[in-house]
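Let me begin by presenting the structure, written as structure tokens, before commenting on it.
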Amino acid sequence: MDFSLIFISLAGLVGGFVGAQVGAGALITLPALLFLGLTPTLAIGTNILSGWLINVVAVFKYWKNHKINFRIVLPLSIISLIGAFIGANLVLDINKEILSKIVAIFFFGLIFLIFKKPSAGLEIENKKLNRKDFIIAGILCFILGIYGGFFSVGVATFLIFLFVLLLGRDLMQGIADSVFVTAIMLIAALFVFVRRDNIDFSLAVPLAITSMVGSYIGAHTALKFGDKWLRGLLIVVVIALIIKLLFNL
């Protein structure tokens, strides 16, 4: 069997496993595609298909276990979809190295909040959703949609923090909500990359298949081991994201 096929299939399996739980599956799959010689644009486009399917499979698993709050996620998903379509079509004159460092700083601040509040994500706050919080969440989802449309690194992980820290969801619920919003959001990016012929289907198909398998296993693992496991995994993944973004690894 061809080395590239084995390599990308394994990357998809691991990326799907991680992505279905705390986001950032692209932390594994995107470097794998670049390692195989794809240009950055082609690698991002090829990765979009597997990223979307990771979230679709995870949504099905979390939905079956009644973890998704559709009253919250449906309007936020539509807002993020609009933002993603704008972001995917914009030709932004932005230095992505500078943007990476800015995003890393934001992640550093978010992980500081998690350490500062040990109970964050480990218990349901039963926070009554008010108009102010929902408007803020909507604005952030629109911004994250634009960001996800042209530079998607860590967008699902950002959404987890949004649902946990702003809307008072526990980690399991926040992750379930975030994968739903991400799945809807990535439809716009997927449409744009397909239209521009920026997907290498010879790699995208095996990557997508193993990503779905990894996603199913990952969502099952999250449901089995619960919030404490997810909190530890989230911290590890966010630290890895910060290192990657700061040092462009």
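Numbers in the working numbering are just positions in the sequence shown, counted from 1, shifted up by 135.
Ideal Cβ placement from N, Cα and C applies to all residues, glycine included.
Check whether residue i and residue j have beta carbons under 7 Å apart
| i | j | result |
| --- | --- | --- |
| V327 | A223 | yes |
| G164 | N190 | The question names Gly, but residue 164 in the sequence shown is Thr. No, the pair does not count as a contact, with Cβ atoms beyond the cut-off. |
| A219 | A324 | yes |
| L279 | V288 | no |
| A239 | L381 | yes |
| G353 | Q156 | yes |
| T176 | N333 | yes |
| L337 | L188 | The sequence shown places Ser at residue 337, rather than the Leu named in the question. No; because the gap between Cβ atoms is not below 7 Å, this pair is not in contact. |
| V316 | V208 | yes |
| P341 | L171 | no |
| V194 | Y351 | no |
| F296 | L245 | yes |
| L184 | I319 | no |
| G186 | L321 | yes |
| L376 | F242 | yes |
| S313 | L294 | yes |
| Y197 | A311 | yes |
| G158 | T292 | yes |
| G221 | I281 | In the sequence as presented, Gly is not what sits at residue 221; that position holds Ile. Their beta carbons are under 7 Å apart, which means I221 touches I281 by this criterion. |
DSSP three-state assignment for residue i, whether helix, strand or coil
| i | result |
| --- | --- |
| N200 | coil |
| L216 | helix |
| T345 | helix |
| A159 | coil |
| S235 | helix |
| V288 | coil |
| T174 | coil |
| N265 | coil |
| I334 | coil |
| L279 | helix |
| I246 | helix |
| L225 | coil |
| D137 | coil |
| L257 | The predicted position of L257 is uncertain, since its pLDDT is 49 and thus under 50; no value can be drawn from it. |
Which ranges would you report for the alpha helix (DSSP H) in the segment 295-332 if only whole runs of at least 4 residues count?
-> 306-330, all fully within the segment 295-332.
Does the count of Cβ pairs from the segment 144-163 and the segment 263-278 closer than 8 Å reach three?
-> Segments in contact, no.
Are the segment 304-311 and the segment 198-210 touching, with three or more C-beta to C-beta distances below 8 Å?
-> With a cut-off of 8 Å, the segment 198-210 and the segment 304-311 count as touching, because enough Cβ pairs lie within range.
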